[in-house]
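Below you'll find the structure, written out as structure tokens, and then a few comments.
Number of protein chains: 2
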Amino acid sequence: MASIKDVAARAGVSVATVSRVLNSHPSVSPEARARVLAAVDGLGYRPNAVARSLRTDQTRTLGLVISDVLNPYFTELARSVEEEARALGYSVIIGNADEQPDLQDHHVRTLLDRRIDGLLVSPTDGGSPLMLDAARAGTPMVFVDRWIPGVDVPVVRADGRAAVRDLVAHLHALGHRRLAIIAGPAATTTGSERVEAFREALREHRLALPEAYIGHGDFQADSGRRSTERFLALPEPPEVVFAADNLMALGALDAIRAHGLRVPHDIGLAAFDDIPWFVHTDPPITAIAQPTGELGRAAVRALVDRIEGRPPQSVTLPARLVVRSSCGEAAPTPGSTP
Amino acid sequence: MASIKDVAARAGVSVATVSRVLNSHPSVSPEARARVLAAVDGLGYRPNAVARSLRTDQTRTLGLVISDVLNPYFTELARSVEEEARALGYSVIIGNADEQPDLQDHHVRTLLDRRIDGLLVSPTDGGSPLMLDAARAGTPMVFVDRWIPGVDVPVVRADGRAAVRDLVAHLHALGHRRLAIIAGPAATTTGSERVEAFREALREHRLALPEAYIGHGDFQADSGRRSTERFLALPEPPEVVFAADNLMALGALDAIRAHGLRVPHDIGLAAFDDIPWFVHTDPPITAIAQPTGELGRAAVRALVDRIEGRPPQSVTLPARLVVRSSCGEAAPTPGSTP
DNA sequence: ATCCTCCGTGTAATCGATTCCACGGGCTCA
DNA sequence: TGAGCCCGTGGAATCGATTACACGGAGGAT
Numbered sequence: 001m002a003s004i005k006d007v008a009a010r011a012g013v014s015v016a017t018v019s020r021v022l023n024s025h026p027s028v029s030p031e032a033r034a035r036v037l038a039a040v041d042g043l044g045y046r047p048n049a050v051a052r053s054l055r056t057d058q059t060r061t062l063g064l065v066i067s068d069v070l071n072p073y074f075t076e077l078a079r080s081v082e083e084e085a086r087a088l089g090y091s092v093i094i095g096n097a098d099e100q101p102d103l104q105d106h107h108v109r110t111l112l113d114r115r116i117d118g119l120l121v122s123p124t125d126g127g128s129p130l131m132l133d134a135a136r137a138g139t140p141m142v143f144v145d146r147w148i149p150g151v152d153v154p155v156v157r158a159d160g161r162a163a164v165r166d167l168v169a170h171l172h173a174l175g176h177r178r179l180a181i182i183a184g185p186a187a188t189t190t191g192s193e194r195v196e197a198f199r200e201a202l203r204e205h206r207l208a209l210p211e212a213y214i215g216h217g218d219f220q221a222d223s224g225r226r227s228t229e230r231f232l233a234l235p236e237p238p239e240v241v242f243a244a245d246n247l248m249a250l251g252a253l254d255a256i257r258a259h260g261l262r263v264p265h266d267i268g269l270a271a272f273d274d275i276p277w278f279v280h281t282d283p284p285i286t287a288i289a290q291p292t293g294e295l296g297r298a299a300v301r302a303l304v305d306r307i308e309g310r311p312p313q314s315v316t317l318p319a320r321l322v323v324r325s326s327c328g329e330a331a332p333t334p335g336s337t338p
Numbered sequence: 001m002a003s004i005k006d007v008a009a010r011a012g013v014s015v016a017t018v019s020r021v022l023n024s025h026p027s028v029s030p031e032a033r034a035r036v037l038a039a040v041d042g043l044g045y046r047p048n049a050v051a052r053s054l055r056t057d058q059t060r061t062l063g064l065v066i067s068d069v070l071n072p073y074f075t076e077l078a079r080s081v082e083e084e085a086r087a088l089g090y091s092v093i094i095g096n097a098d099e100q101p102d103l104q105d106h107h108v109r110t111l112l113d114r115r116i117d118g119l120l121v122s123p124t125d126g127g128s129p130l131m132l133d134a135a136r137a138g139t140p141m142v143f144v145d146r147w148i149p150g151v152d153v154p155v156v157r158a159d160g161r162a163a164v165r166d167l168v169a170h171l172h173a174l175g176h177r178r179l180a181i182i183a184g185p186a187a188t189t190t191g192s193e194r195v196e197a198f199r200e201a202l203r204e205h206r207l208a209l210p211e212a213y214i215g216h217g218d219f220q221a222d223s224g225r226r227s228t229e230r231f232l233a234l235p236e237p238p239e240v241v242f243a244a245d246n247l248m249a250l251g252a253l254d255a256i257r258a259h260g261l262r263v264p265h266d267i268g269l270a271a272f273d274d275i276p277w278f279v280h281t282d283p284p285i286t287a288i289a290q291p292t293g294e295l296g297r298a299a300v301r302a303l304v305d306r307i308e309g310r311p312p313q314s315v316t317l318p319a320r321l322v323v324r325s326s327c328g329e330a331a332p333t334p335g336s337t338p
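Chains U and F, in that order, are what the protein sequence lines are.
In terms of UniProt numbering, the first sequence is residues 1 to 338.
In terms of UniProt numbering, the second sequence is residues 1 to 338.
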């Protein structure tokens, strides 16, 4: 592959001049510029990003470590992150932690070794020493969706409290009283926070959240399945199950179907995170929708601010309830017949 | 960030010795090794991958350019690719082309600029000059899922011919005769191939595939929606719609629902690509399943073979039909009551 | 005792870019 | 006319690693 030397030789100038042309430095004569451009063209030359990064100490690359690529929420996030980053002149390298702290650390380490300019993380656990060290050492970093408390890193996330309250009000209005939740790992903020919001909302309606109605999931479909089976085996099973993410909702649906039960007739189901498929499940699933695209874009902007020396800002956007029919009959649409 | 010089200084040896320890070169004395290791530890030193890549001319990184990250098929592919690559000691950088040739070229160019060791592509179109040049110039490359005919690049893909034949037989047995397809872009191999397989299978049953029953989609949900609306507006609409990928099936479902029709009572639906959600749609969707994980792993193995100087092999794996109930009553399960 | 070999180590070249500094020539201004 | 400046350019240092080569000393073979 042609290097800057080849271009310089072909154009009959020094490498310094070639570099100046490539970086549109003002003081290059039109003739020299033309000759260099011709040589670049003739050789099909492209600057070596590796060499450039070594010299300039910047890679114009962002690392994004997410908890699970197979989760549509995170793929949508990844997509919006890449889009915004591209618009700002950065590339993105995605690392999939698969909800495993080891794997998360592996990716963070690899990304750091590559000297990415900044790191976007949705932490799988309460904080690996590696990540804390990196943050302390001054690596530009921003948390998205989930975060680690007590670290001085901006956080971009959705606040689901109000939406959870709306959900509980909706369920209460439909006459449901025994409400269960499948939570995420307590080590994640979204894991504990959603349970807290749920518990608090229940309290407002003078409802309790017994320990048996809390499923301990890990944001994966299988754990949703297992938690739901445990609920169904209870002497008094819940009337509605609220899954703290879409994959556990999928698992819950599997379990419910395996038991020959119908939604919402026998048991209701709601989920945190809305995805296009929820419109077409049987029945359509009531969910709490996050402004995912906005989240991804805001996170990139915060990170790039930090990288380029501007003060980064934490951002919190509201999530909102999308009522469908998986928890019982919604208010009848005008014109529809029962 | 500490460099190899700092380590050398702290350990009281030369950078050469540090490098030897780091690369487990045999001729280093135990004492020197111990001192270096201690220094590495003390400084929290990590080798700069950028510098290393510049010198060794290899990045131990693979590029993966896929057509659409939001498509669950491709995210599953991406995941298996990353897993296998990691097992072989490579990282993966994903580029999302979003079915846009320009964007595809953007990512290929960026990846090439970063001097990735090899490229895995699922081409969005019939072949950009950029990609053809890269292949000709000797960049290790492997096509996954889709490919560009007439280029000497190994292809790893699923053959859906038999499964499509099975699907048509299944539909025929259910009494359906007017079968339509929503195809992908003709510029993609999977776009044209699936139509061909469908047409051929129809011919075996002495059925025609009129032009009006061919929808021209682009593998995105919206095009599935539009094609389906066109089908439904026909004087004699099809009895079954076969979508050439899962997103267009989602769009088709949207359109069908918008018209107040029921599946499969009013119209049947089948899809190429199977995804977990198809089990839970209303009704569960009959689909052709590809061995996605195997495909991703085989593609990485082929690419790494090519990179490391072993002869790479093209691989074709069979897809298979998964019958559910979206095209009409499946054979009754023993014990079920009508 | 001498020579050869091998081992552990350091010096320095190298990868492909960017950028500081110096230099020569033409211009302006006094 | 001469001093000073700006402009275009090239030489060379530099980023952080790897690695060919040289070298001194220890040990074995003759």
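The beta-carbon is built from N, C-alpha and C at its ideal position, and this holds for glycine as well.
query: For U:Pro30, the first and last residue of its enclosing alpha helix (DSSP H); result: 30 to 43
query: Where the beta strand (DSSP E) containing F:Pro318 begins and where it ends; result: 315 to 318
query: U:Leu261, DSSP secondary structure in three states; result: coil
query: Same chain, Cβ closer than 7 Å to F:Ala183, neighbours up to 5 away in sequence not counted; result: Gly191, Arg194, Val195, Ile214, Gly215, His216, Gly217, Ala244
query: Interface residues of chain F facing U:Ile267 [CB-CB closer than 8 Å]; result: Residues of chain F passing the Cβ test: none, with the nearest at roughly 15 Å.
query: U:Ala258 classed as buried or exposed, judged by whether at least 16 other C-beta atoms fall within 10 angstroms; result: exposed
query: Selected residue, minimal CA-CA separation from U:Arg262, among U:Gly328, U:Arg146, U:Ala162; result: U:Gly328
query: Where U:Asp14 sits in the DSSP three-state scheme; result: The identity of residue 14 of chain U in the sequence shown is Ser, whereas the question assumes Asp. Residue state, collapsed to three classes: coil.
query: Cβ of F:Asn23 within 8 Å of any chain U Cβ; result: no
query: Cβ neighbours of U:Ser67 in the same chain (closer than 6 Å, five flanking residues each side left out); result: Ala97, Glu99, Ser122, Thr124
query: Cut-off 8 Å between Cβ atoms - residues of its own chain near U:Pro283, not counting five sequence neighbours on either side; result: Val263, Pro264, Arg324, Ser325, Ser326
query: Inter-residue CB distance, F:Leu232 and F:Ala255 (contact presumed, cutoff 8 Å); result: 7 Å
query: Residue from F:Pro149, F:Val81, F:Val153 whose Cα sits closest to the Cα of F:Ala137; result: F:Val153
query: Beta-ladder partner(s) of F:Arg157, from DSSP; result: F:Thr316
query: Inter-residue spacing [alpha-carbon to alpha-carbon] between F:Thr337 and U:Gly260; result: For F:Thr337, the pLDDT reaches just 37, beneath the cut-off of 50, and the residue's location in the model is therefore unreliable, although a value from the coordinates is still provided. When rounded, the distance between both Cα atoms is 13 Å.
query: Range covered by the beta strand (DSSP E) that runs through U:Ala78; result: No beta strand (DSSP E) holds U:Ala78; the alpha helix (DSSP H) holding it covers 72 to 87.
query: Buried versus exposed, by CB contacts within 10 Å (16 or more), U:Asn23; result: exposed
query: Simplified DSSP assignment, three categories, for F:Met248; result: helix
query: Residues that DSSP places opposite U:Val241 in a beta bridge; result: U:Ala180, U:Leu269
query: Same chain, Cβ closer than 6 Å to U:Gly293, five either side skipped, listed in chain order; result: Ser80
query: Three-state secondary structure (DSSP) of U:Thr61; result: strand
query: Reference F:Leu167, options F:Glu204, F:Trp147, F:Arg225, closest by Cα; result: F:Glu204
query: Coarse secondary structure for U:Leu171, derived from DSSP in three states; result: helix
query: Extent of the continuous alpha helix (DSSP H) to which U:Ser192 belongs; result: 189 to 204
query: Proximal residues, the UniProt domain "HTH lacI-type" (2 to 56) of chain F versus chain U, C-beta separation under 8 Å; result: Gly44, Arg46, Pro47, Asn48, Ala49, Val50, Ala51, Ser53, Leu54
query: Sub-8 Å separation of F:Pro210 and U:Asp113 beta-carbons; result: no
query: Cβ pair count under 8 Å reaching 3, the stretch 27 to 37 of chain F against the stretch 6 to 18 of chain F; result: yes
query: Extent of the continuous beta strand (DSSP E) run through residue 349 of chain F; result: The requested residue 349 of chain F does not occur in the structure, where chain F is confined to residues 1 to 338.
query: Same chain, Cβ closer than 7 Å to U:Val40, neighbours up to 5 away in sequence not counted; result: Val7
query: Beta-carbon neighbours of U:Pro283, restricted to chain F and to distances below 9 Å; result: Asp282
query: Enclosing alpha helix (DSSP H) for U:Phe231 [first to last residue]; result: 221 to 233
query: Chain U within 8 Å of F:Leu119, Cβ atoms only; result: no
query: Three-way DSSP call (helix, strand, coil) for F:Ser326 in this model; result: strand
query: Nonlocal neighbours in the same chain, by C-beta distance under 6 Å from F:Ile94, ignoring five residues either side; result: Leu64, Ala78
query: Interface partners of F:Ile93 on chain U, CB under 7 Å; result: Ile93
query: Beta-carbon proximity of U:Trp277 to F:Trp277, cut-off 8 Å; result: yes
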